[in-house]
Amino acid sequence: MDMKRFVMAALGVFVFLFVFEYLWHGVGMQGLYKQTASVWRPEKEMRQYFGLVIITQLAFAFVFVFIFTRNYEGKGVGEGLRYGTFMGLFMAVMQVGVYPYLPIPFSIAALWFIGSLILGIGAGVVVSLIYRNP
Numbered sequence: 001m002d003m004k005r006f007v008m009a010a011l012g013v014f015v016f017l018f019v020f021e022y023l024w025h026g027v028g029m030q031g032l033y034k035q036t037a038s039v040w041r042p043e044k045e046m047r048q049y050f051g052l053v054i055i056t057q058l059a060f061a062f063v064f065v066f067i068f069t070r071n072y073e074g075k076g077v078g079e080g081l082r083y084g085t086f087m088g089l090f091m092a093v094m095q096v097g098v099y100p101y102l103p104i105p106f107s108i109a110a111l112w113f114i115g116s117l118i119l120g121i122g123a124g125v126v127v128s129l130i131y132r133n134p
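Quick note: the working numbering has the sequence shown finishing at residue 134, numbered continuously throughout.
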């Protein structure tokens with residue numbers, strides 16, 4: 001494993017993840033979250049945990065890239081699309097699995113599914129573009 005490419009790919013995935021999560025959840029789904037405000041922590045309380053959000057997103061990025069490097073074949077963006085689709089489906093199924101435990105509309109779980117799939121595919125493309133052979 002090329003450590004420089006690994007770290008650069010992980011940081012690239014982190015940036016993609018951070019921006020995507022903000023746009024998907026913070027902007028796009030904001031109305032749905034406000035409609036179900038009683039389920040979530042108050043916004044002020046959530047801000048207290050922002051450092052933990054950053055840490056978990058960084059950890060996700062490094063693990064995501066590490067798994068990618070274990071099976072890296074150097075086949076370009078197609079490899080990233082395939083990997084990202086598989087990882088996205090894996091995450092998406094887990095997101096929907098939370099639905100029975102939370103009193104939320106199914107539309108939120110469905111959007112979590114779609115968002116996780118998009119996130120996985122996007123992160124897979126990012127890692128394949130950055131980790132590629134020089």
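Yeah, the Cβ is synthetic: ideal placement off N, Cα and C, and Gly gets one too.
- In chain order, A109, F113 place their CB closer than 6 Å to the CB of V96, counting only its own chain and leaving out the 5 sequence neighbours on each side.
- Taking the Cβ atoms as the reference, G122 lies roughly 6 Å from F20, within the contact range of under 8 Å.
- The C-beta of F66 has fewer than 16 other C-beta atoms within 10 Å across all chains shown, which makes the residue exposed.
- In the structure shown, I55 falls within a helical segment according to DSSP collapsed to helix, strand and coil.
- The straight-line gap separating the alpha-carbon atoms of E73 and Y101 is approximately 39 Å.
- For G124, the closest C-alpha among the options L111, F68, Y99 is that of F68.
- If you check the CB distance, M87 and F64 come in under 8 Å.
- Comparing alpha-carbon positions, the option among V126, F106, N133 lying closest to T36 turns out to be F106.
- When the five nearest sequence neighbours on each side are left out, the beta carbons in the same chain lying within less than 7 Å of the beta carbon of V77 are those of V125, S128, L129, in order along the chain.
- The C-beta distance from L117 to L81 rounds to 12 Å, too long to fall under 8 Å, and the pair is not in contact.
- Just measuring C-alpha positions, the residue of G31, R132, R47 sitting nearest N71 is R132.
- K34 sits in a helix when the DSSP states are folded into three classes.
- Contact between Q48 and F18 is ruled out by a C-beta separation of about 18 Å, above the 8 Å threshold.
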